[in-house]
Amino acid sequence: MQATLTMPRTPLFKQLTPFDWLYAVALCVGAGYAFSLYGNNMDSYEKGFLLGAAVVFSGLGWLWKPIRTLLIVVATLSLFGINDYHADLARANQAFFLKYILASQSAIMWMSVLFVLATVTYWISLAARSDFTAKVASALTWSGLTMGLVGLLVRWYESYLISPDVGHIPVSNLYEVFILFSIITALLYLHYENRYQNRQMGAFVLPVISAAVGFLLWYTFDRQAQNIQPLVPALQSYWMKIHVPANFIGYGSFSLAAMIGVAYLLASKGILASRLPKLEILDDVMYKSIAVGFGFFTIATILGAMWAAEAWGGYWSWDPKETWALIVWLNYAAWLHIRLVKGLRGPLLAWWAVVGLFVTVFAFLGVNMFLSGLHSYGTL
Amino acid sequence: MNKQTATLSRSIYELLSSMRFAISLLTILAIASIIGTVLKQNEPYANYIIEFGQYWFTVFQWLGLYDVYRTHWFVVILSVLVASTSTCIYRNLPMMLREMRSYRENATEQSLRHFQHVAEISGNQVNAHILTQYLDVQGYRYKQKQTGEHLLIAAKRGSANRLGYIFTHSAIVLICIGGLIDSNIPLKIEQAFGWKKIETRDIAESQVPAISRLSPSNLSFRGNVTIPEGSSADVVFLNIADGYMVQDLPFKIGLTKFHIEHYSTGQPKSFASDITIIDKKTNRPILSHTVTVNHPLIYDGVAIFQASFGDGGTRLNLNGWNLFDHAGTPFPVKGAIHDTAKLAADDRQYTIEFMDFRPFNIESLGDAKNTMHDTRAVLGGSAVADKKDLHNVGPSFQYKLRDADGQAKEYSNYMLPLFIDKRWYMMSGMRDAPNQPFQYIRFPLDPERTLSGFMRLRGIMLDRTRHPEIAQRFVAYAIPDAPADVKAKLIDSTIKVLDIFAQGGYKSLSAFIEAKIPAADRDQAAQTYLKILELSTYQAYILTQAQAQQPVPKMDDETGWFIRDSLNSISDIFFYGAPVYLQLANYDEVQATGLQLTRSPGKNIVFGGSALLVLGVFAMFYVRERRLWLLVKQNSVLFAMSSNRKTLDFENEFAQHQQDIAELVKGT
Ligand code: HEM
Chain A
1 MQATLTMPRT
11 PLFKQLTPFD
21 WLYAVALCVG
31 AGYAFSLYGN
41 NMDSYEKGFL
51 LGAAVVFSGL
61 GWLWKPIRTL
71 LIVVATLSLF
81 GINDYHADLA
91 RANQAFFLKY
101 ILASQSAIMW
111 MSVLFVLATV
121 TYWISLAARS
131 DFTAKVASAL
141 TWSGLTMGLV
151 GLLVRWYESY
161 LISPDVGHIP
171 VSNLYEVFIL
181 FSIITALLYL
191 HYENRYQNRQ
201 MGAFVLPVIS
211 AAVGFLLWYT
221 FDRQAQNIQP
231 LVPALQSYWM
241 KIHVPANFIG
251 YGSFSLAAMI
261 GVAYLLASKG
271 ILASRLPKLE
281 ILDDVMYKSI
291 AVGFGFFTIA
301 TILGAMWAAE
311 AWGGYWSWDP
321 KETWALIVWL
331 NYAAWLHIRL
341 VKGLRGPLLA
351 WWAVVGLFVT
361 VFAFLGVNMF
371 LSGLHSYGTL
Chain B
1001 MNKQTATLSR
1011 SIYELLSSMR
1021 FAISLLTILA
1031 IASIIGTVLK
1041 QNEPYANYII
1051 EFGQYWFTVF
1061 QWLGLYDVYR
1071 THWFVVILSV
1081 LVASTSTCIY
1091 RNLPMMLREM
1101 RSYRENATEQ
1111 SLRHFQHVAE
1121 ISGNQVNAHI
1131 LTQYLDVQGY
1141 RYKQKQTGEH
1151 LLIAAKRGSA
1161 NRLGYIFTHS
1171 AIVLICIGGL
1181 IDSNIPLKIE
1191 QAFGWKKIET
1201 RDIAESQVPA
1211 ISRLSPSNLS
1221 FRGNVTIPEG
1231 SSADVVFLNI
1241 ADGYMVQDLP
1251 FKIGLTKFHI
1261 EHYSTGQPKS
1271 FASDITIIDK
1281 KTNRPILSHT
1291 VTVNHPLIYD
1301 GVAIFQASFG
1311 DGGTRLNLNG
1321 WNLFDHAGTP
1331 FPVKGAIHDT
1341 AKLAADDRQY
1351 TIEFMDFRPF
1361 NIESLGDAKN
1371 TMHDTRAVLG
1381 GSAVADKKDL
1391 HNVGPSFQYK
1401 LRDADGQAKE
1411 YSNYMLPLFI
1421 DKRWYMMSGM
1431 RDAPNQPFQY
1441 IRFPLDPERT
1451 LSGFMRLRGI
1461 MLDRTRHPEI
1471 AQRFVAYAIP
1481 DAPADVKAKL
1491 IDSTIKVLDI
1501 FAQGGYKSLS
1511 AFIEAKIPAA
1521 DRDQAAQTYL
1531 KILELSTYQA
1541 YILTQAQAQQ
1551 PVPKMDDETG
1561 WFIRDSLNSI
1571 SDIFFYGAPV
1581 YLQLANYDEV
1591 QATGLQLTRS
1601 PGKNIVFGGS
1611 ALLVLGVFAM
1621 FYVRERRLWL
1631 LVKQNSVLFA
1641 MSSNRKTLDF
1651 ENEFAQHQQD
1661 IAELVKGT
């Protein structure tokens, strides 16, 4: 009886294993080492970020255990790759590990391959109702995520190798944010997969990541977009580093919700219904994902306004990109309210989420391609 | 208030605060917002007229589509949203506050039994103390109430969810109010009453009348001003519809210098203006500062941003080459960007309007439409690498040449020669209208890398009085041993070919062939004429070089190409549209910075509202409100739960509690 009284609410700290502590200590040591190396070149924001990163990633790892392994593997691979450069960019095409695995280009190619393989594998597992295959698909997704993160981190370092004044966080152009999008969507998906102990949704979510990968490959091979470009003055701002990732948590969540919406619509018509999770679960994932997306998109838009207030002379100028961000935001605000009205749930919401993807994609890509404005960010 | 108006206002209230209405509003606002992103906003009216034609231009103007986000109807939609959100808060606030405090301990057994989530759990050891202990552990707060023989425990968790609602929705209202303060709506009202008027004439700033000027105490504004190096400004211009207003500033801004730094790859690295704030009354400098993109200066409540840059009146020294005279020597022309100069040629008067100067061009035969360059664009973040390796092709300048009838053509000339197809040329671009691409004419350079060789050759080729001499030399060279009558005949033909070419280049020549020679023989004739033309031009070239005391050209590949290029160029000058080619000899650069100045007192309200919005949204999503009732009886517990959000988590939690409580009351 005493067990029941306490069991459901064991405080987080009491649940931690020695590995958890080791992980947190490793993070803090890493942060401390980085500080001792670069502390002199950091301003107070950067110091805050470094400390914040150690705390946030410790917390994340404690709350969702697989993050620990992910982070340790990513850190090891990235540090190995960075070290293998011997501060010479030319080694990207000479050193074995860099050339075939760890140079940012290679890592990103690996990420692409792994995500596409994962997509195929999820579908095979859905068709064959095979649990084992689904586990393989998960593993592939985790690996793709790992390589994507390694690719971005190594790319970050490479940009400084080009020249210290060129160096910058790799979230500054369309090529880089497409990688970010793939990574964030995969991470969000894996979170829901773990939380609902259900791997069938992967067959629907991974295709959107594969589509992003397809774009990335076209952008690389047709447009040579992979080259690192220096930052134009408007992008040399601290806001970029938080505005862009926050936006992509939003975009990733909305895309995920839309793909779950597709699954919902099919299942509600009886298609694949026996293979997919129950409708209530799909609805719940859709809601959670849109809630996360809405929260971060709100933050991102506000950060964007604060940045605009500093760079463009006004927090809101009705620039096409700003306006489309508002449209996306209003769209999901409407979605959230519909869910609160009795009798409007079900397929209508799923449809709305699917349409939301088109609105989101337009805000993300269409604005750059078809509309003009200060915010073109990256033309194709 | 009679009954009818009472029911009317009641139903308006109901409508405004209803959720379905809110959903429609959000959707309508989203759709209305699209318009302004599809149609470029706040362009000069002339552009719209060209794009849509007069009729649709007027219709769209009436609909306010050129400045959608400030039109009446858009502002009305926004105001309805504010009204609706406010009514919604007004309607829900008292209830929410009550809910946050209340435990609903007055629920009756009967009402509990009607809940969607209710369970009767029987047990033999029902102990209220253990149950409250359980609630403690689960993080619930509770209240107990004895109802008759039973004890009711009413518990709740996550009341802050309601605060979330209050925060989020008040934030919307707050942000809209902040935005309203910074919008130009007060100005619009002044315009509507005729207290202020926009200026549409292109006149000097000092001439703008008071009715189109705004005082320095104006609460909020956002305007632009261009300041050349060494000058200052004490106003900014607010672009409104098809005109502008002048905003007087409480101080003066002087520009000492504008800098651009570049990365080694050629992309811009920084734009910076060294400015000085100057006291308006005493004319004394108060403060010097460098404004860069992302780092504005805030002075006296006015934020000063780096927004663009352009030419501030660079002084140019030019060589004017008359393309149709026979002399082949240049005359000097002086000018400055944004200024005009007179030009007389071929007995006609022209005006040169100097538009823009660029100190360098990165391998693009440039055609920027604006003469001001935006420093704020993030476009340069484009990932697409430039496939060619970049290099600087040197300065260029743009001008319009306007004839006496007011017709103008636009030119863009490079200062330095360009190396194309292994040879050097001076390039000059021409276009009839700003929306067309430039068409380039290339003038070949002589072995000394100057234009003189070509210009002299051009002079003699266009001079009919010299053609007999050229023809004679050509014939003497080509058929030295032929009989005199054959020679005379060839001389005649050569003079004819030269004359025709001098009238309109290759075009006249081909028109002549088409008119005079039967179709079957045309190819043959064309080849013969070309040969005659090229060889006699070579003779003309020898002549001009000798006259200018230059070395005699050798008959080699280089000379051959020079002759062919020269003939092409001479042919092209008939389409150049101007009698004169202006070659940039040297310049004295003056840059200008474009600053944006804003005063936006609503900003802090908007950012405060934004903080509230984020807090509220996360509170609504991540603080789940749950209520729980336990009606404790002798041998059973009536367990009911409710929440303002029905989610899977709630279902699971209900199941979990039911199981836990069953275990607790069963005893061991
Ligand atoms: C831009 C405008 C608005 C935004 C961004 C917004 C945002 C939100 C959000 C995020 C939620 C939470 C949804 C959830 O938990 O699933 C919510 C709930 C709600 N909204 Fe809005 N809202 C807006 C306008 C309105 C308007 C105009 C009304 C009323 C006419 C309204 C009435 C409500 C109500 C009644 C709730 C439910 C509160 C509860 O039961 O706890 N909202 N809103």
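Residue numbers (the numbering used here), protein chains in the order written: chain A, 1 to 380; chain B, 1001 to 1668. For glycine and all other residues, C-beta sits at the position ideal for the given N, C-alpha and C. As the structure is a computational prediction, the values presented were derived from the model and not from experiment.
1) Once you ignore the five residues that flank LEU1323/B on each side, which residues in its own chain have a CB closer than 8 Å to its CB?
2) Which residue wins for smallest C-alpha separation from PHE254/A, given the options LEU279/A, LEU349/A and HIS168/A?
3) Going along chain B, which residues have a C-beta under 7 Å from ILE327/A?
4) Let me know the beta strand (DSSP E) ranges lying completely inside the stretch 1562–1650 of chain B, each 3 residues or longer, listed in chain order.
5) When you measure from the CB of PHE1621/B to every non-hydrogen atom of the ligand HEM, does any distance come out below 7 Å?
6) Between LEU1020/B and chain A, is any beta-carbon pair separated by less than 8 Å?
7) What runs of the beta strand (DSSP E), each 3 residues or longer, lie entirely inside the stretch 150–228 of chain A?
8) Determine the direct distance from the alpha carbon of TRP218/A to that of TRP329/A, and round the result to whole angstroms.
9) Could you check what DSSP says for PRO66/A in three-state terms: helix, strand or coil?
10) What residues match up with GLU1120/B in a beta bridge as DSSP calls it?
11) Taking the alpha carbon of HIS191/A as the reference point, which residue from ASN83/A, LEU216/A, MET147/A and TRP142/A has its own alpha carbon closest?
12) Closer than 7 Å to a non-hydrogen atom of the ligand HEM - does that hold for the CB of THR1085/B?
13) Name the DSSP beta bridge partners of SER1273/B, please?
14) By Cβ distance below 7 Å, which residues in the same chain neighbour LEU149/A in space, the five residues on each side in sequence not counted?
15) Is it buried or exposed, PRO1518/B, if we count other Cβ atoms within 10 angstroms and call 16 or more buried?
16) Give the secondary structure of SER1364/B by DSSP, where H, G and I count as helix, E and B as strand, and everything else as coil.
17) From TYR1069/B to ILE82/A, what does the alpha carbon distance come to, in whole angstroms?
18) I believe GLY1313/B touches PRO1228/B by the beta-carbon criterion, under 8 Å. Please report the beta-carbon distance rounded to the nearest angstrom.
19) Quick check: is the beta carbon of ASN331/A nearer than 8 Å to any beta carbon in chain B?
20) Taking just the CA atoms, how far does HIS1072/B sit from ILE1035/B?
21) On the three-state DSSP scale, how would you describe SER1264/B?
22) Could you name the residues of chain A that PHE1360/B contacts, counting a contact when the two beta carbons are closer than 7 Å?
23) Mind checking whether ILE1275/B and ILE1260/B have CB atoms under 8 Å apart?
24) Is VAL1617/B near the ligand HEM, in the sense that its beta carbon is under 7 Å from a heavy atom of that ligand?
25) Is the beta carbon of CYS1088/B less than 8 Å from the beta carbon of ALA1022/B?
26) Flag PHE294/A as yes if its beta-carbon sits less than 8 Å from any beta-carbon of chain B, otherwise no.
27) Cβ closer than 9 Å: which chain A residues qualify as neighbours of ARG1141/B?
28) For LEU339/A, which beta-bridge partners are listed by DSSP?
29) Let's see if you can read the secondary structure: which residues bound the alpha helix (DSSP H) around PRO1444/B?
30) Who are MET1427/B's beta bridge partners in DSSP?
31) Of the residues ALA267/A, PHE297/A, ALA234/A and VAL292/A, which one's Cα is nearest the Cα of ALA246/A?
32) Whole angstroms is fine: what's the gap from GLY261/A's alpha carbon to THR1108/B's?
33) Who are the Cβ neighbours of LEU365/A in its own chain at under 7 Å, not counting the five residues just before and after it?
34) For ARG1213/B, which of helix, strand or coil comes out of DSSP?
35) For the ligand HEM, I want to know if LEU1316/B counts as a neighbour, meaning its beta carbon is within less than 7 Å of at least one of the ligand's heavy atoms.
36) Here's the rule I'm using: 16 or more other beta-carbon atoms within 10 Å means buried, otherwise exposed. How should MET369/A be labelled?
Based on what the coordinates show:
1) Sequence-distant partners of LEU1323/B (beyond 5 residues in either direction) whose C-beta falls short of 8 Å from its own C-beta, in its chain, are ARG1458, ILE1573, TYR1576, ALA1578, PRO1579, VAL1580 and TYR1581.
2) In terms of Cα proximity to PHE254/A, the closest of LEU279/A, LEU349/A and HIS168/A is LEU349/A.
3) Residues of chain B passing the Cβ test: ALA1030, SER1033 and ILE1034.
4) Counting whole runs of 3 or more residues, the stretch 1562–1650 of chain B contains the beta strand (DSSP E) stretches 1580–1588, 1591–1599, 1626–1632 and 1636–1642.
5) Flag set: Cβ of PHE1621/B near the ligand HEM.
6) With the sequence shown as reference, residue 1020/B is identified as Arg, and Leu is not the correct amino acid for it. Yes, its Cβ sits closer than 8 Å to a Cβ of chain A.
7) Listed in chain order, nothing qualifies, since the stretch 150–228 of chain A has no complete beta strand (DSSP E) run of 3 or more residues.
8) Rounded to whole angstroms, TRP329/A to TRP218/A spans 29 Å at the Cα level.
9) In the structure shown, PRO66/A sits in a helix (DSSP, three-state: H, G or I).
10) The partner list for GLU1120/B (beta bridge, DSSP) reads LEU1638/B.
11) Closest option to HIS191/A, Cα to Cα, is TRP142/A.
12) Checking the 7 Å criterion, the Cβ of THR1085/B is within range of a heavy atom belonging to the ligand HEM.
13) Beta-bridge analysis with DSSP links SER1273/B to PHE1258/B and VAL1291/B.
14) Here the set comprises VAL74 and ILE183.
15) Classification of PRO1518/B: exposed, given that the 10 Å Cβ count is below 16.
16) Its pLDDT being 47, under 50, SER1364/B is placed unreliably in this model, and the value from its coordinates should be taken loosely. Coil at SER1364/B, not helix or strand.
17) Taking the straight line from one Cα to the other gives about 49 Å.
18) Right, their Cβ atoms sit about 6 Å apart.
19) Contacts with chain B at 8 Å (Cβ-Cβ) include ASN331/A.
20) ILE1035/B and HIS1072/B have their C-alpha atoms some 15 Å from each other.
21) Of the three classes helix, strand and coil, the one that applies to SER1264/B here is coil, per DSSP.
22) Under the 7 Å cutoff, chain A gives no residues; its nearest Cβ is about 17 Å from PHE1360/B.
23) Contact annotation: ILE1275/B and ILE1260/B have beta-carbon atoms that are not nearer than 8 Å.
24) Set against 7 Å, the gap from the CB of VAL1617/B to the closest heavy atom of the ligand HEM is smaller.
25) With a cutoff of 8 Å on beta-carbon distance, CYS1088/B and ALA1022/B are scored as near each other.
26) Interface residue, yes.
27) Correct list: empty, because the minimum Cβ distance to chain A is about 14 Å.
28) Note that residue 339/A is Arg in the sequence shown, not Leu. None, per the DSSP bridge assignment.
29) That residue, PRO1444/B, is in no alpha helix (DSSP H); its beta strand (DSSP E) goes 1439–1444.
30) DSSP, once it has assigned bridges, lists ARG1442/B as partnering MET1427/B.
31) Ranking the options by Cα distance to ALA246/A, first place goes to PHE297/A.
32) Cα to Cα, the separation comes out at about 41 Å.
33) Around LEU365/A: no qualifying Cβ.
34) Looking at ARG1213/B - three-state DSSP - the assignment turns out to be strand.
35) For LEU1316/B, the Cβ stays outside the 7 Å cut-off from all heavy atoms of the ligand HEM.
36) The residue in question, MET369/A, is exposed, as its Cβ has fewer than 16 Cβ neighbours within 10 Å.
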